[in-house]
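Student:
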Amino acid sequence: MFGNTLLIMNLKDDHMSKRDQCGANISHLSHFPDEEEFLICPGKIFYFTGYEYDDRNTKHVIYLSWSNSDDLFNLQSDYV
């Protein structure tokens, strides 16, 4: 479809309160009805959880997970 890289972002945290969410689902505003679109609040921290190459669709697939930690001083090198 579009591009050769797919980002799959885990935005859920079992201990997350409504106040701590990292953004908002905006899929209903998209011009692409089959796309899942999420607006991420500025300053949110994600970490790399995996990578694979999808030969069938010739796409790089990158997996990221949201960290609800705001402690920037304790970040490791795998955070983005």
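Its first residue numbered 10, the sequence shown is counted upward by one per residue in this note's numbering.
Cβ coordinates follow ideal geometry from the N, Cα and C atoms, glycine included.
Three Cβ pairs or more, each shorter than 8 Å: is that satisfied between the region 64-77 and the region 13-21?
Tutor: As far as the Cβ criterion goes, the region 64-77 touches the region 13-21, which means the pair count is three or higher.
Student: Please state the DSSP three-state secondary structure of H37.
Tutor: Reduced to three states, the DSSP call for H37 is helix.
Student: Is F47 buried or exposed, if buried means 16 or more other CB atoms sit within 10 Å of its CB?
Tutor: Classification for F47: exposed.
Student: Nearest-angstrom Cα distance between H40 and Y56?
Tutor: Their Cα atoms are separated by approximately 29 Å.
Student: Where DSSP assigns a beta bridge to T58, which residues make up the other side?
Tutor: Answer by DSSP bridge pairing: none, since T58 is not bridged.
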